[in-house]
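**Student:** Sending over a structure as structure tokens; questions will come in a sec.
2 protein chains.
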Amino acid sequence: MQRGIKRVKSSFEYLRKLFIMPDSPDKFIEFGRELLEMIHDFFQEKTGIHSSITLPELSNIFNQTSLPDSPQLIKDVLSEIKTKIIDHSVKVGSPYYIGHMTSAIPYFMILLEMIIAALNQNQVKIETAKASSFVERELLAWMHRLVFNRRDAFYERHIQNPRIALGNITSDGSVGNLTALFVAREKAFPPDEGFMGVRASGMHEALRHHGYTRGVVLVSTRGHYSIRKAANILGIGEENVVTIAVDSGNRMDTKKLKKKIKTLDPRLGGENAKIIAIVGIAGTTETGNIDRLDVLEEIAHEAGIHFHVDACWGGPALLVDEYRGFFKGIEKADSVTIDAHKLFYCPMSMGMVLFRSEKDLNTIRHSSQYIIRRNSVDTGRFTLEGSRPFACLKPWASLKIIGREGYGLLFKQARRNTDLLKKVLEGFGNFECLNNPELFILTYRFIPEDVKERLYGWKREPAGSGDKKRRKAVEKTIVKVNRLINAFTVKLHKALRRDDSTFVSRTTLESTRYRPQQIVVLRAVLINPLTTKKFLEQIVATQNRIALQLWQDFRPAYERMVEEVGGVIPSTRELPGAKAAHLL
Amino acid sequence: MQRGIKRVKSSFEYLRKLFIMPDSPDKFIEFGRELLEMIHDFFQEKTGIHSSITLPELSNIFNQTSLPDSPQLIKDVLSEIKTKIIDHSVKVGSPYYIGHMTSAIPYFMILLEMIIAALNQNQVKIETAKASSFVERELLAWMHRLVFNRRDAFYERHIQNPRIALGNITSDGSVGNLTALFVAREKAFPPDEGFMGVRASGMHEALRHHGYTRGVVLVSTRGHYSIRKAANILGIGEENVVTIAVDSGNRMDTKKLKKKIKTLDPRLGGENAKIIAIVGIAGTTETGNIDRLDVLEEIAHEAGIHFHVDACWGGPALLVDEYRGFFKGIEKADSVTIDAHKLFYCPMSMGMVLFRSEKDLNTIRHSSQYIIRRNSVDTGRFTLEGSRPFACLKPWASLKIIGREGYGLLFKQARRNTDLLKKVLEGFGNFECLNNPELFILTYRFIPEDVKERLYGWKREPAGSGDKKRRKAVEKTIVKVNRLINAFTVKLHKALRRDDSTFVSRTTLESTRYRPQQIVVLRAVLINPLTTKKFLEQIVATQNRIALQLWQDFRPAYERMVEEVGGVIPSTRELPGAKAAHLL
Numbered sequence: 097m098q099r100g101i102k103r104v105k106s107s108f109e110y111l112r113k114l115f116i117m118p119d120s121p122d123k124f125i126e127f128g129r130e131l132l133e134m135i136h137d138f139f140q141e142k143t144g145i146h147s148s149i150t151l152p153e154l155s156n157i158f159n160q161t162s163l164p165d166s167p168q169l170i171k172d173v174l175s176e177i178k179t180k181i182i183d184h185s186v187k188v189g190s191p192y193y194i195g196h197m198t199s200a201i202p203y204f205m206i207l208l209e210m211i212i213a214a215l216n217q218n219q220v221k222i223e224t225a226k227a228s229s230f231v232e233r234e235l236l237a238w239m240h241r242l243v244f245n246r247r248d249a250f251y252e253r254h255i256q257n258p259r260i261a262l263g264n265i266t267s268d269g270s271v272g273n274l275t276a277l278f279v280a281r282e283k284a285f286p287p288d289e290g291f292m293g294v295r296a297s298g299m300h301e302a303l304r305h306h307g308y309t310r311g312v313v314l315v316s317t318r319g320h321y322s323i324r325k326a327a328n329i330l331g332i333g334e335e336n337v338v339t340i341a342v343d344s345g346n347r348m349d350t351k352k353l354k355k356k357i358k359t360l361d362p363r364l365g366g367e368n369a370k371i372i373a374i375v376g377i378a379g380t381t382e383t384g385n386i387d388r389l390d391v392l393e394e395i396a397h398e399a400g401i402h403f404h405v406d407a408c409w410g411g412p413a414l415l416v417d418e419y420r421g422f423f424k425g426i427e428k429a430d431s432v433t434i435d436a437h438k439l440f441y442c443p444m445s446m447g448m449v450l451f452r453s454e455k456d457l458n459t460i461r462h463s464s465q466y467i468i469r470r471n472s473v474d475t476g477r478f479t480l481e482g483s484r485p486f487a488c489l490k491p492w493a494s495l496k497i498i499g500r501e502g503y504g505l506l507f508k509q510a511r512r513n514t515d516l517l518k519k520v521l522e523g524f525g526n527f528e529c530l531n532n533p534e535l536f537i538l539t540y541r542f543i544p545e546d547v548k549e550r551l552y553g554w555k556r557e558p559a560g561s562g563d564k565k566r567r568k569a570v571e572k573t574i575v576k577v578n579r580l581i582n583a584f585t586v587k588l589h590k591a592l593r594r595d596d597s598t599f600v601s602r603t604t605l606e607s608t609r610y611r612p613q614q615i616v617v618l619r620a621v622l623i624n625p626l627t628t629k630k631f632l633e634q635i636v637a638t639q640n641r642i643a644l645q646l647w648q649d650f651r652p653a654y655e656r657m658v659e660e661v662g663g664v665i666p667s668t669r670e671l672p673g674a675k676a677a678h679l680l
Numbered sequence: 097m098q099r100g101i102k103r104v105k106s107s108f109e110y111l112r113k114l115f116i117m118p119d120s121p122d123k124f125i126e127f128g129r130e131l132l133e134m135i136h137d138f139f140q141e142k143t144g145i146h147s148s149i150t151l152p153e154l155s156n157i158f159n160q161t162s163l164p165d166s167p168q169l170i171k172d173v174l175s176e177i178k179t180k181i182i183d184h185s186v187k188v189g190s191p192y193y194i195g196h197m198t199s200a201i202p203y204f205m206i207l208l209e210m211i212i213a214a215l216n217q218n219q220v221k222i223e224t225a226k227a228s229s230f231v232e233r234e235l236l237a238w239m240h241r242l243v244f245n246r247r248d249a250f251y252e253r254h255i256q257n258p259r260i261a262l263g264n265i266t267s268d269g270s271v272g273n274l275t276a277l278f279v280a281r282e283k284a285f286p287p288d289e290g291f292m293g294v295r296a297s298g299m300h301e302a303l304r305h306h307g308y309t310r311g312v313v314l315v316s317t318r319g320h321y322s323i324r325k326a327a328n329i330l331g332i333g334e335e336n337v338v339t340i341a342v343d344s345g346n347r348m349d350t351k352k353l354k355k356k357i358k359t360l361d362p363r364l365g366g367e368n369a370k371i372i373a374i375v376g377i378a379g380t381t382e383t384g385n386i387d388r389l390d391v392l393e394e395i396a397h398e399a400g401i402h403f404h405v406d407a408c409w410g411g412p413a414l415l416v417d418e419y420r421g422f423f424k425g426i427e428k429a430d431s432v433t434i435d436a437h438k439l440f441y442c443p444m445s446m447g448m449v450l451f452r453s454e455k456d457l458n459t460i461r462h463s464s465q466y467i468i469r470r471n472s473v474d475t476g477r478f479t480l481e482g483s484r485p486f487a488c489l490k491p492w493a494s495l496k497i498i499g500r501e502g503y504g505l506l507f508k509q510a511r512r513n514t515d516l517l518k519k520v521l522e523g524f525g526n527f528e529c530l531n532n533p534e535l536f537i538l539t540y541r542f543i544p545e546d547v548k549e550r551l552y553g554w555k556r557e558p559a560g561s562g563d564k565k566r567r568k569a570v571e572k573t574i575v576k577v578n579r580l581i582n583a584f585t586v587k588l589h590k591a592l593r594r595d596d597s598t599f600v601s602r603t604t605l606e607s608t609r610y611r612p613q614q615i616v617v618l619r620a621v622l623i624n625p626l627t628t629k630k631f632l633e634q635i636v637a638t639q640n641r642i643a644l645q646l647w648q649d650f651r652p653a654y655e656r657m658v659e660e661v662g663g664v665i666p667s668t669r670e671l672p673g674a675k676a677a678h679l680l
């Protein structure tokens, strides 16, 4: 039990008044005002991004192992929330926070959440969600048209057709991807004579009946981890997610995909595997790149395979004409997932999964007696989740308030910031950019300019000339130096977390210019409209300052490596008039 | 394009201002105030529960097949939301709305949603959710103790131990049940020599390796539809959810369960099925009854089977000592699901799944490079979902504000209302109650008193005496009359929906006093603390009035049935001094 907390004497009358009552709005308004100001203050504070409190300290704050017995005053709990939680939350909306896909949100989103909570509609069923069921279908039709752009008549017929679903609102993108692969699995093993379908009989019977040894899902090595997780959940097995290597642009190598299909598909002389789905990505979580969807689509449909596109990140960019070109082929996909809490700037969390064919979601339709009856109009007949909030109000209203034009401007700014960050990094000289994103994600790392020049010099040494031994020694050294910088980057990222005035994330990629070596990189996501040039310059300056200091610990090891292959290394400094970064 | 809507000229500066800005809180406060008043007005309005608008009319409102191009003013969109959505929403918080588990919520929940949205933490990862990750673990420890009540040392060690998870916060109960069965499936087919586990290799290889023909899940016929759905998703197959009949108290028949296990388990001479889980229910969605969890637990663990309890509905009743007895055995279950948006009175939607063993969730742990790294402290390593909102703040704060005591008072009132409704129904004479709930759900139907008496008279006719032919004719007539009343009840429910001043739901059950016949029933869920005696009386009076009128259309058919077995029927009116309802 915590001390110093005022207990309230419980009575049913007191409790009843806590519930929304027509005759007691005053308290509500009063608290609402206070809260709005409290939230305002939080965003105004100039503290660090993650608050300086340590994880062990937080462990000591949240260590009550028994739940509270006596009621406490709302104002006491709100003030506890302020000091214990709000003050130690991550300022994901800070212009200095450019590390994850969580960003600032428009303030009207908070108003929408108030409406959603107050109405408390449960989307599972028309009896608990009247107008909101129609809003959901309207939004899904908008998104369906945005992606698949079918004919007017299609949307006029289906926008409010309760017998089908053009897609589902899901709790997030992972559940969206799961739903897409779930449908793909049902379609891969439909009922026929002597087999009731995978839905009724399970994966074992499905494969046994059809004489397959396994079902597989194909995705590039850049695929989101939710694909592997979905394969696990669906009883397909994680090992049966076969990953295809990417090119240097982080896009699936389509030649390798074709080869792989040949080794799997029994009709092409491969093993007895059933390919359940090919998954394209638009864009990748780590690098913001987009697969060549048109090529993937052709390959998938030629082989009769469900083609799913994970556009959880990039999907909203379809709103803007200048980006549509990158997505060519998406309009022929079988299913597409898009998150609302990423580029639609909605608060956590909401995903969408859309199916080109209005019939697809009927493969997983279910019903029960007391709810979502067979002939009902309930949206819950098609979803993995049961109870669902009226979350779709957020993108629905946001598309009205911001509009296609507004999102266009936001993405233009995100593009500008991506280019700007690249320029700022190059200006400092001590950084190396490692991807070329279509969609607002930059990966890079710190390398002191002289080290970078030496590395590039080594790389430029012609492979054919000179003795092979020398070449091997140089290549080995490049790997060793990269390994050292990898360790350095991990330390740097930790030091930046400790500094806490700025934030980027970190990941490890094999598709940089050093492939097949895995390279640890810093990762910036540039979608916060509050992040301007000034902030980007400060972020990079901070990284440069902390990195230069930290590099002192790593320099000796680096110099030993240089000495080993030393004397004959041509320094790029000696090359006339150029910085290494501009040569490559 | 809609006419009459004011377009806003887009500019990046205009958009930037929509995002939460330290220097522009005025608009936010202003809209917040207006919204609070708008919400207040909605609850004050005396309109029908579902609004009188028809579904085709709603289809005509939400029929824009293209998404909006130009931005609109926030105030215009808010006013559109008011007239198009709020006015046509379901008043789930109305004291006359006693049909589903969605009820009124305390007003502070709206304040909590504002905090959740404003902070916009993503629970998947500590880098996007700092204090909130600790809040989540603290809440899970509270709930774990409430259910499993392990020793103090267990909670002190694990409450903030990031290497394990005592449970997950899920988007709802269906995902909670899915997670529990997912873990059960992993435990049923662990890796061994020559087999990498179901996780890696899928269901086919799991069954093949172990020589099973199928995996099954056992649950009573009262099981929630999410169990069947989960079996489908998990590749187990819906047909492999084997349902066990219930007794007249809607509880799984444990003798039949034992028998069924014998026919399945190869060690007991059954077919080659692997029993993945036995699912107990506390309480059932349709009738609020609780399985004999202690007996189920013994049976499950004797056979080495994962025992899951679906306590999505009833779980919070564990807070109150007088209810704990009903749940005996739950403390030994392997996993338990509990919804926050039902008896914790939180807005839509949040579920929890808890595992007795702190090791269980590690069977589904996953990781990736850029997020939820293997050695991280990220809660996202254990969840089916990826991005998740800070939803746990709601029950966490609510347990402080309402407290164990407060919830006790709310449930006492729910119990009182359940008994009260029963009494009111009996007082009217024309109703028949069909279950005896532990937890606040009453099923009943309208039967005019004289019809009920005749029905009961027929039922009382001794089976042994008289000729067999006569008995058969009577039994057949009971079935026919019930069938007639079933059709009547469906019509009545539709008429009540049209009247729209009150709301109960409807379902079909085989476990009433007429089993094995399926009986259509009205279903009341009595958890709204705003529903007092006065409201219950009005609800029943409305039902009685509309039903009596509607019965005129059904009476002739009924009378024909009576005539067929007519003359010799002893009327219960002739029995001295008793109403049929009190005799049975």
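Here the protein sequences come in this chain order: A and B.
By the numbering used here, the letter at position 164 of the first sequence is numbered 260, and the numbering carries on one by one without gaps.
By the numbering used here, the letter at position 115 of the second sequence is numbered 211, and the numbering carries on one by one without gaps.
We put the CB at the ideal spot given by N, CA and C, even for glycine.
1. Is there a Cβ from chain B that is less than 8 Å from the Cβ of E571/A?
2. Going by beta-carbon coordinates alone, are A200/A and F115/B separated by less than 8 Å?
3. Would you mind working out which of M292/A, A341/A and P167/A sits nearest T608/A, comparing C-alpha positions?
4. Nearest chain A C-beta to L242/B closer than 8 Å, yes or no?
5. Which of helix, strand or coil does DSSP assign to Q168/B?
6. Under 9 Å between beta-carbons, which chain B residues line up against W238/A? List them in chain order, please.
7. Can you tell me the Cα-Cα spacing of Q256/A and R594/B, whole angstroms?
8. Consider the Cβ of F124/B: report whether some Cβ of chain A lies at a distance smaller than 8 Å.
9. Determine the extent of the alpha helix (DSSP H) in which S75/A is found, giving its start and end residues.
10. Are L516/A and L632/A close, meaning C-beta to C-beta below 8 Å?
11. Could you check which residue in C408/B, A399/B, A326/B and E393/B has the C-alpha nearest to that of I265/B?
12. Go ahead and pull the three-state DSSP assignment for L644/B.
13. Whose C-beta lies closer than 6 Å to the C-beta of K358/B among residues of the same chain, with five residues either side of it excluded?
14. Determine the chain B residues that contact L495/A at a beta-carbon separation under 8 Å, and present them in chain order.
15. When the Cβ atoms of the segment 322 to 333 of chain B are set against those of the segment 386 to 396 of chain B, are three or more pairs found closer than 8 Å?
16. Where G400/A and A284/A are concerned, what is the direct C-alpha to C-alpha distance, given to the nearest angstrom?
17. Any idea what DSSP makes of D430/A, helix, strand or coil?
18. Where T638/B and L521/B are concerned, what is the direct C-alpha to C-alpha distance, given to the nearest angstrom?
19. Tell me, please, whether the CB atom of K180/B is closer than 8 Å to any CB atom in chain C?
20. As a quick exercise: from E130/A, P287/A, V658/A and A643/A, pick the residue whose alpha carbon is nearest that of A583/A.
21. N264/A by DSSP, collapsed to three states: which one?
22. Is there contact between the segment 152 to 172 of chain A and the segment 595 to 604 of chain A, where contact requires at least three CB pairs shorter than 8 Å?
23. Mapping DSSP to helix, strand and coil, what is P533/B?
24. Which term fits P362/B, buried or exposed, when burial requires 16 or more other beta carbons within 10 angstroms of its beta carbon?
25. Mapping the DSSP letters down to three states, classify F542/A as helix, strand or coil.
26. Out of E571/A, N640/A and A373/A, which has the shortest C-alpha to C-alpha gap to E393/A?
**Tutor:** Quick look at the numbers:
1. Here residue 571/A refers to the residue found at position 475 when the first sequence is read from its first residue. Closer than 8 Å: no.
2. Counting from 1 along the first sequence, the entry for residue 200/A is found at position 104. Counting from 1 along the second sequence, the entry for residue 115/B is found at position 19. Contact: yes.
3. Locating residue 608/A in the first sequence gives position 512, counting from the first residue. The residue with the shortest Cα to Cα distance from T608/A is A341/A.
4. For the purposes of this step, residue 242/B is taken as residue 146 along the second sequence, with counting starting at 1. With 8 Å as the cut-off, L242/B counts as an interface residue toward chain A.
5. Your numbering for residue 168/B matches position 72 in the second sequence. Note: Q168/B maps to strand in three-state DSSP.
6. Residue mapping note: residue 238/A aligns to position 142 of the first sequence, counting from 1. Here the neighbours are Q160, T161, S162, L163 and P164.
7. For this step, residue 256/A is matched to residue 160 along the first sequence. For this step, residue 594/B is matched to residue 498 along the second sequence. In a straight line, the C-alpha of Q256/A is about 21 Å away from that of R594/B.
8. Position 28 of the second sequence, counting from 1, holds the residue named residue 124/B. At least one chain A Cβ lies under 8 Å of F124/B.
9. Because chain A is modelled from 97 through 680, residue 75/A falls outside the range shown and cannot be assessed.
10. Within the first sequence, numbered from 1, the residue matching residue 516/A stands at position 420. Within the first sequence, numbered from 1, the residue matching residue 632/A stands at position 536. Yes, the Cβ-Cβ distance between L516/A and L632/A is below 8 Å.
11. Within the second sequence, the letter at position 169 stands for residue 265/B. Closest option to I265/B, Cα to Cα, is C408/B.
12. Taking the second sequence and counting its residues from 1, the one referred to as residue 644/B is at position 548. Residue state, collapsed to three classes: helix.
13. For this step, residue 358/B is matched to residue 262 along the second sequence. Closer than 6 Å at Cβ, skipping near neighbours: L364 and G366.
14. Sequence index remark: in the first sequence, residue 495/A carries index 399 (1-based). Those within 8 Å of L495/A in chain B are L163 and P164.
15. no
16. Position 304 of the first sequence, counting from 1, holds the residue named residue 400/A. Position 188 of the first sequence, counting from 1, holds the residue named residue 284/A. Rounded to the nearest angstrom, the two C-alpha atoms are 10 Å apart.
17. Residue mapping note: residue 430/A aligns to position 334 of the first sequence, counting from 1. Coil at D430/A, not helix or strand.
18. The residue you call residue 638/B lines up with position 542 of the second sequence. The residue you call residue 521/B lines up with position 425 of the second sequence. Cα to Cα, T638/B sits roughly 12 Å from L521/B.
19. The chain labelled as chain C is not found among the protein chains of the depicted structure, namely A and B.
20. Stepping through the first sequence from its first residue, residue 583/A is reached at position 487. That would be A643/A, whose Cα lies nearest to the Cα of A583/A.
21. As a first step, residue 264/A must be located in the first sequence, where it is residue number 168. Strand, per DSSP.
22. no
23. Position 437 of the second sequence, counting from 1, holds the residue named residue 533/B. In this structure, P533/B counts as coil in the three-state DSSP scheme.
24. Taking the second sequence and counting its residues from 1, one reaches residue 362/B at position 266. The residue in question, P362/B, is exposed, as its Cβ has fewer than 16 Cβ neighbours within 10 Å.
25. Against the first sequence, residue 542/A aligns to sequence position 446. Three-state DSSP puts F542/A in a strand.
26. Translated into the one-based positions of the first sequence, residue 393/A becomes position 297. Of all alpha-carbon atoms in E571/A, N640/A and A373/A, the one lying nearest the alpha-carbon of E393/A is that of A373/A.
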